[in-house]
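*Asks:* Numbering (the working numbering), first residue to last: 2 to 256.
Think of the CB as a built atom: it goes at the ideal place given N, C-alpha and C, for glycine as much as any other residue.
A quick note: this is a predicted structure, and the numbers were derived from the prediction, not measured.
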Amino acid sequence: MKFIHLSDLHFHSRDVDNVDALTTLQYIQEHYPQHNLIITGDIVDDGHEKQFQQAFKALEPFMGRIFIAPGNHDFGAVGNFFSQERAERFDEFLSKPLKQGGTFTGDQTPVVNLLREGDNLKAMLIALDTNLETEHPFDFACGEVGERQLGFLKTVLRDPFAKDYKKILFFHHHPFIHNDPFMELIDARQLMRSIYNWVDVVLFGHKHVMGRWEKVNGTSYILASDNSPGKKIAWEIVVTPDPVKPITVNELAIS
Ligand SMILES: [Fe+2]
Ligand SMILES: [Fe+2]
């Protein structure tokens with residue numbers, strides 16, 4: 002089972018402004034028809050309807066193998082002002098038509114998708130909404146998981162049903178940014194404590210910088226994606242039934 006981690010596509014309203022994103026997605030479609038795609042937010046640039054239409058048109062061909070989480074630019078104008086209307090638009094234009102295992106507005110529970118290959122390869126994909134619902138423009142690029150989502154996440158991970166699944170947790174905000182009042186995930190420490198030894202892979206974006214950490218916080222890999230459009234590589238995550246080395250991560254050409 003193979004995954005490509007992309008992030009921060011920042012779709013604009015006009016095709017001419019989306020050339021890099023469209024070229025990258027086209028390359029992936031042609032070269033990796035079997036890979037699943039995980040996109041960790043900022044799919045559009047400021048939550049405008051036209052941007053969501055552009056993004057959906059480009060992502061629709063990946064239906065059934067694409068998994069998404071929202072970023073601050075999806076839910077807010079210029080990525081700074083949280084807007085309930087834009088948050089709901091994300092679900093209407095992307096989460097629902099792309100058939101995600103749930104929506105991000107409303108009940109504040111993680112969106113879970115279960116994948117299966119053969120008899121003994123199972124993956125649980127868990128998407129979080131880490132957008133901070135604030136009206137203060139200087140807070141909003143910061144993130145928050147929130148008590149309710151954290152509670153549900155703990156329950157999902159510890160359910161005996163989840164035991165046979167390799168678990169991939171993904172969200173938008175970078176959990177290792179500290180002391181930055183404009184960017185940090187304010188409850189990152191609680192999140193990391195909650196998932197310690199319960200998750201295999203953690204993925205995020207937001208900072209537009211690639212990063213890779215191995216064997217930290219009880220995970221196999223923690224990966225940051227840069228803003229993928231126009232970039233040469235992305236992270237590839239390969240999950241196998243091999244009990245010795247079930248997960249590997251590679252650099253994959255995306256242009
Ligand atoms: Fe971004
Ligand atoms: Fe962001």
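#1: DSSP three-state label for tyrosine 33, please.
#2: With distances taken from each beta carbon to the nearest heavy atom of ligand 2, which residues come in below 7 Å, in chain order?
#3: Mark valine 240 as exposed unless 16 or more other C-beta atoms lie within 10 angstroms of its C-beta, in which case mark it buried.
#4: Would you mind giving the Cβ-Cβ distance between serine 8 and serine 229, rounded to the nearest angstrom? I have them listed as a contact below 8 Å.
#5: Confirm the yes/no value for this check: CB of histidine 209, any heavy atom of ligand 1, distance under 7 Å.
#6: In terms of alpha-carbon separation, which member of Asp120, Lys97, Asn121, Pro176 lies closest to valine 112?
#7: Between the C-alpha atoms of phenylalanine 105 and aspartate 21, what's the straight-line distance to the nearest angstrom?
#8: Extract the residue ranges of the beta strand (DSSP E) inside the region 159-195, only unbroken runs of 3 or more that lie entirely within it.
#9: Would you kindly work out how many angstroms separate the C-alpha atoms of asparagine 198 and leucine 192, rounded to a whole number?
#10: What does a CB cutoff of less than 6 Å around leucine 170 pick up in its chain, not counting 5 residues either side in sequence?
#11: I'd like to check one pair, leucine 186 with glutamate 145: are the Cβ atoms closer than 8 Å?
#12: In this structure, does DSSP put asparagine 198 in helix, strand or coil?
#13: If you run the structure through DSSP and keep just helix, strand and coil, what is alanine 142?
#14: From the DSSP output, in three-state form, read off lysine 58 for me.
#15: Could you tell me the alpha carbon to alpha carbon distance between isoleucine 196 and asparagine 218, rounded to whole angstroms?
#16: Buried or exposed for methionine 64, please, with buried defined as at least 16 other CB atoms from any protein chain shown within 10 angstroms of its CB.
#17: Let me check understanding here. Comparing Cα to Cα, which of Met184, Ile223, Asn19 lies closest to asparagine 81?
#18: Exposed or buried, proline 161, counting other C-beta atoms within 10 Å across all chains shown (16 or more means buried)?
#19: Give the single residue among His137, Trp214, Asn180, Gln101 whose Cα lies nearest to the Cα of isoleucine 67.
#20: Give me the residue from Ser221, Gly152, Lys208 with the minimum Cα distance to aspartate 181.
*Replies:* Judging by the given coordinates:
#1: By one-based count along the sequence shown, residue 33 stands at place 32. In the structure shown, tyrosine 33 sits in coil (DSSP, three-state: anything other than H, G, I, E or B).
#2: Those satisfying the condition are, in chain order, Asp9, Gly42, Asp43, Gly72, Asn73, His74, Gly80, Ala142, His173, Gly206, His207.
#3: In the sequence shown, residue 240 corresponds to position 239, counting from 1. Burial call: buried.
#4: Stepping through the sequence shown from its first residue, residue 8 is reached at position 7. Stepping through the sequence shown from its first residue, residue 229 is reached at position 228. Rounded, the Cβ-Cβ distance is 6 Å, consistent with contact.
#5: On the sequence shown, position 208 is the one that residue 209 refers to. Histidine 209: yes, Cβ under 7 Å from ligand 1.
#6: Indexing the sequence shown from 1 puts residue 112 at position 111. If you compare the alpha carbons of Asp120, Lys97, Asn121, Pro176 with that of valine 112, the shortest gap goes to Lys97.
#7: Start at 1 with the first residue of the sequence shown, and residue 105 comes out as number 104. Start at 1 with the first residue of the sequence shown, and residue 21 comes out as number 20. Taking the straight line joining both Cα atoms gives about 27 Å.
#8: Look at the region 159-195 and you find these whole runs of beta strand (DSSP E), each 3 residues long or longer: 167-171.
#9: Taking the first residue of the sequence shown as position 1, residue 198 is located at position 197. Taking the first residue of the sequence shown as position 1, residue 192 is located at position 191. Each residue's Cα considered, the two are about 12 Å apart.
#10: As a first step, residue 170 is located in the sequence shown; it is residue number 169 there, counting from the start. Apart from the 5 residues on each side of it in sequence, leucine 170 sits with its Cβ closer than 6 Å to the Cβ of Ile127, Val200, Val203 in its chain, given in chain order.
#11: Within the sequence shown, numbered from 1, the residue matching residue 145 stands at position 144. Within the sequence shown, numbered from 1, the residue matching residue 186 stands at position 185. Leucine 186 sits close to glutamate 145, with the two beta carbons spaced by under 8 Å.
#12: By one-based count along the sequence shown, residue 198 stands at place 197. Here asparagine 198 sits in coil by DSSP.
#13: Position 141 of the sequence shown, counted from the first residue, corresponds to residue 142. Coil.
#14: Along the sequence shown, read from residue 1 onward, the residue named residue 58 stands at position 57. Three-state DSSP puts lysine 58 in a helix.
#15: Walking along the sequence shown from the start, residue 196 turns up at place 195. Walking along the sequence shown from the start, residue 218 turns up at place 217. Near 8 Å, if we compare the C-alpha coordinates of asparagine 218 and isoleucine 196.
#16: Position 63 of the sequence shown, counted from the start, is the residue given in the question as residue 64. Counting the other CB atoms within 10 Å of its CB gives methionine 64 a total below 16, which places it among the exposed residues.
#17: Within the sequence shown, the letter at position 80 stands for residue 81. Per the Cα distances, Met184.
#18: Position 160 of the sequence shown holds residue 161. The residue is exposed, with fewer than 16 neighbouring Cβ atoms inside 10 Å.
#19: Here residue 67 refers to the residue found at position 66 of the sequence shown. For isoleucine 67, the nearest C-alpha among the options comes from Gln101.
#20: Locating residue 181 in the sequence shown gives position 180, where the first residue counts as 1. Checked all of Ser221, Gly152, Lys208; the closest Cα to aspartate 181 is Lys208.
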